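In the numbering used here, the protein residues as written are 1 to 107. What follows is one structure encoded as structure tokens, with my remarks underneath.
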């Protein structure tokens, strides 16, 4: 029983309705689930990038804090030295003024 290719194949109404039907809701659920998964995965990557950035900033902040503390200690030490030099300078100046006001000849 060969079918002649020129004769059209009768199609039933149910065949057309099958192809014109809306996509199944199950497919939409799958697509939504996939989109949600992609979004969450992307958000997770962004969160990890943000977390990495925060960790890097904290490390940098700690390094700067330590450096700042060493600079503050060095500054305090220099202030103490400057104070001692100022006191020594005042003492020497007072001795010099004493000698100039009380000239004693030692010939």
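Every residue, glycine too, gets a C-beta built ideally from N, C-alpha and C. Here the structure is a predicted model, which means the values were calculated and not measured.
Point to revise | Distance, residue 64 Cα to residue 89 Cα | key: Here the question's residue 89 lines up with position 89 in the chain shown. Here the question's residue 64 lines up with position 64 in the chain shown. About 37 Å.
Practice item. Run the proximity test for residue 87: is its beta-carbon closer than 7 Å to any non-hydrogen atom belonging to the ligand GTP? Key: Although the ligand GTP was asked about, the structure shown includes no ligands whatsoever.
**Study point:** Rounded separation between residue 94 and residue 76 - CA only
**Key:** Residue 94 sits at position 94 when you count from the first residue of the chain shown. Residue 76 sits at position 76 when you count from the first residue of the chain shown. Distance between the alpha carbons of residue 94 and residue 76 is about 27 Å.
**Study point:** Coarse secondary structure for residue 102, derived from DSSP in three states
**Key:** As a working note, residue 102 is residue 102 in the chain shown. If DSSP states are grouped into helix, strand and coil, residue 102 belongs with coil.
Exercise for review: To the nearest angstrom, report how far apart residue 40 and residue 69 are at their CA atoms.
Suggested key: What you label residue 40 is simply residue 40 of the chain shown in a count that begins at 1. What you label residue 69 is simply residue 69 of the chain shown in a count that begins at 1. If I take the Cα positions, the gap works out to 42 Å.
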